[in-house]
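**Q** Residue numbers (the working numbering): 7 to 364.
All C-beta atoms in this analysis are idealised placements derived from N, C-alpha and C, irrespective of residue type, glycine included.
1) Going by beta carbon distance, what residues of the same chain come within less than 6 angstroms of residue 73, once the five residues before and after it are set aside?
2) Could you give the C-beta distance for residue 240 and residue 214, rounded to a whole number, given that I count them as a contact under 8 angstroms?
3) Roughly how many angstroms lie between the CA atoms of residue 147 and residue 275, to the nearest whole one?
4) Can we say the segment 164 to 178 touches the segment 311 to 326, given the rule of at least three CB pairs closer than 8 angstroms?
5) Which same chain residues, not among the five before or five after residue 248, have their C-beta less than 8 angstroms away from its C-beta?
6) Does the separation of the CB atoms of residue 233 and residue 245 fall below 8 angstroms?
7) Per the contact definition of three or more C-beta pairs closer than 8 angstroms, is the segment 329 to 338 in contact with the segment 280 to 289?
8) Could you name the residues that DSSP lists as bridge partners for residue 111?
9) May I have the straight-line CA-CA distance separating residue 236 from residue 296, to the nearest angstrom?
10) Does the segment 173 to 193 come within contact of the segment 107 to 122, defined as at least 3 CB pairs closer than 8 angstroms?
11) By DSSP's criteria, residue 201 is part of a beta bridge. Which residues make up the other side?
12) The beta strand (DSSP E) with residue 239 in it runs from where to where?
13) Alpha carbon to alpha carbon, how far is residue 104 from residue 316? Give it in angstroms, no decimals.
14) How would you label residue 88, buried or exposed, when you count the other beta carbons within 10 angstroms and need 16 or more for buried?
15) If we ignore side chains and look at the alpha-carbon of each, how far apart do residue 269 and residue 278 end up?
16) Bridge partners for residue 283 per DSSP, in chain order?
17) Return the chain-ordered list of same chain residues with a C-beta closer than 6 angstroms to the C-beta of residue 356, the five sequence neighbours on each side being excluded.
18) Could you tell me the distance, in whole angstroms, from the CA atom of residue 137 to the CA atom of residue 264?
19) List the endpoints of the continuous beta strand (DSSP E) containing residue 85.
20) From the DSSP output, which residues share a beta bridge with residue 94?
21) Which same chain residues, not among the five before or five after residue 272, have their C-beta less than 6 angstroms away from its C-beta?
22) Name the residue from 321, 83, 221 and 100 whose alpha carbon lies nearest to the alpha carbon of residue 178.
23) Quick one: is residue 175 buried, meaning 16 or more other Cβ sit within 10 Å of its Cβ, or exposed?
24) Residues bridged to residue 143 by DSSP?
25) Using a Cβ-Cβ cut-off of 7 angstroms (strictly less than) and excluding sequence neighbours within five positions of residue 127, which residues of its own chain qualify?
26) Give the DSSP bridge partners of residue 102, in chain order.
27) Can you tell which of 290, 289, 68 and 312 has the C-alpha that lies nearest to the C-alpha of residue 398?
28) Flag this pair as yes or no: are the beta carbons of residue 254 and residue 319 separated by less than 8 angstroms?
29) Hey, residue 153 and residue 96: beta-carbon distance below 8 angstroms or not?
30) Beta carbon of residue 79, beta carbon of residue 117: below 8 angstroms?
31) Taking the straight line between their C-alpha atoms, what separation do you get for residue 101 and residue 158?
32) Provide the residue(s) that pair with residue 321 in DSSP beta bridges, ordered along the chain.
33) Whole angstroms is fine: what's the gap from residue 47's alpha carbon to residue 335's?
34) Got a sec, what are the start and stop residues for the alpha helix (DSSP H) residue 158 sits in?
Spelled out as structure tokens, the structure:
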């Protein structure tokens, strides 16, 4: 059972009211364990109702995929309001569309840039929302927002403490091109950011020296578990125990299983005579992910459509502390985007993951 070692504060009493409100809602489950992947029931991956906003399909092959360049400031507020999963007290959960950055340069259209308008739209008035937890730009999934600074501080202490004691609080789902050699385990790698050709790329470092650590190299760790396989692909649960940009994408590259839609790091995995191997990261430039013809047929995509394939990495579940120090954490859930569910169906993973996790 997960216990948070933080002092009692006014925000905690607010949280208790929120938790008991959530007990009567459908957007959570009580977690049976605080680490590892727990029981099958706890990590049930059956998609619930899709997000209220289904995207502008038009001639796009990926239903629900947001095109940020086509949206105005006001339209993005409408999109996020429609993507709200639940609102209880100071806490708001949103199912973030893939492609939306959390932060950016002044003038950029980001999650932070529209929070004042979203707060007003949700009736919070002078209580502006703050981001407590959110996946990166290329990931979809659960965003946790708070309009109470004390609640925000309490939750951030919870997440910090959980990382320190290596108890996972976030579970991502990924669809990978390739199947990991083992069906469950840990991925450990020392990673660093390198600025190459105007782009920041994550590069593995092994073994890291003390000087490397001082210069920004970080030891990273993730748990993984294969939930279903089919057509040479896998549905994988990933739980990061450290925080580093693109950590999960690079960890799957090290497993020789790029995430579908990874147009940044997938070129580091090459194949000769059916055997996969890693190319040197320093000499491999980002390029559009190349999928074999059989996989394209299963996905019912043309090569040009595959070049627009969104990253299939989704923050599906987030743990937050229970109403009391001796009570189990609560799981907040975000259903898969429509294009993610479509890919599961095309690959025959949808029925497998339902039977495995029911």
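**A** Once the coordinates are examined:
1) Taking C-beta separations shorter than 6 angstroms and ignoring five residues to either side along the sequence, residue 73 has no partners in its chain.
2) Under the criterion of beta carbons closer than 8 angstroms, residue 240 and residue 214 do not qualify as touching, at roughly 29 angstroms.
3) The alpha-carbon of residue 147 is positioned some 26 angstroms away from that of residue 275.
4) yes
5) 169, 224, 225, 226, 227 and 228
6) no
7) no
8) Beta-bridge annotation (DSSP): residue 111 is not paired with any residue.
9) Their Cα atoms are separated by approximately 18 angstroms.
10) no
11) 206
12) 239 to 246
13) 7 angstroms
14) exposed
15) 20 angstroms
16) 276
17) Closer than 6 angstroms at Cβ, skipping near neighbours: 350.
18) 29 angstroms
19) Note, residue 85: premise wrong, no beta strand (DSSP E); alpha helix (DSSP H) at 79 to 88.
20) 97
21) 264 and 295
22) 321
23) Buried, because 16 or more other Cβ atoms sit within 10 Å of the Cβ of residue 175.
24) The partner list for residue 143 (beta bridge, DSSP) is empty, contrary to what the question assumes.
25) 83 and 87
26) 147
27) Outside the displayed range of the chain (7 to 364) lies residue 398, so it cannot be described from this structure.
28) yes
29) yes
30) no
31) 19 angstroms
32) 147 and 178
33) Per-residue confidence for residue 47 stands at a pLDDT of 31, beneath the threshold of 50, marking its modelled position as unreliable; no derived number is given.
34) 155 to 170
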